[in-house]
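The opening residue of the sequence shown carries number 1 in UniProt numbering; numbering runs sequentially from there.
Glycine included, C-beta positions come from ideal geometry on N, C-alpha and C.
Scroll down for the structure; my scribbles are underneath it.
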Amino acid sequence: MSGEDEPETLTIRIRDQDGQETFFKIKKTTKMRKVFESYATRRGVQMTSLRFLLDGENVELDSTPKMLELEDQDQIDCMLAQTGGCL
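Okay, here's the thing in structure tokens:
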């Protein structure tokens, strides 16, 4: 049980399509939904209009940094959600 008595924190970066980075210091047990909602609020957009990707894969809202095996200074990419298909 070593290391589980005190919560570990890490800093993650969310990088948008324009290359702008926003930093968050969070606990490894924090739900990503909370981080993404905070990011959307800071940007003045609805969270549903954004997609968050880690290594090209969608990040589930109920996942945690521990579940995703995130390390300090890891980057999550943020893209505008696109709907539609081919004509």
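Suppose you measure from the CA of residue i to the CA of residue j; what does that come to, to the nearest Å?
i: LYS27; j: TYR39; result: 16 Å
i: THR83; j: LYS66; result: 30 Å
i: GLN20; j: ASP74; result: 15 Å
i: THR9; j: THR41; result: 22 Å
i: ILE14; j: CYS78; result: 6 Å
Keeping to the same chain, check which residues put their C-beta closer than 6 Å to that of residue i; ignore five residues upstream and five downstream.
i: SER49; result: ALA81
Inspect the beta-carbon positions of residue i and residue j and report whether they are closer than 8 Å.
i: LEU54; j: ILE76; result: yes
i: MET36; j: PHE23; result: What sits at residue 36 in the sequence shown is Phe, not Met. It is not a contact, given that the beta carbons lie outside the stated cut-off.
Could you tell me how far apart the beta carbons of residue i and residue j are, in whole angstroms, since I believe they sit closer than 8 Å?
i: THR11; j: LYS34; result: Contact doesn't hold; Cβ gap of about 15 Å is too wide.
Could you pull the start and end residues of the beta strand (DSSP E) that residue i belongs to?
i: LEU50; result: 50-54
i: MET79; result: 75-80
i: THR11; result: 9-15
i: LYS27; result: 21-27
Please list, in chain order, all residues of the same chain as residue i whose beta carbon is under 7 Å from its beta carbon, the five residues on each side excluded.
i: LEU70; result: LEU10, ILE12
Could you spell out the range, first to last residue, of the alpha helix (DSSP H) harbouring residue i?
i: THR41; result: 32-43
i: LEU68; result: 65-68
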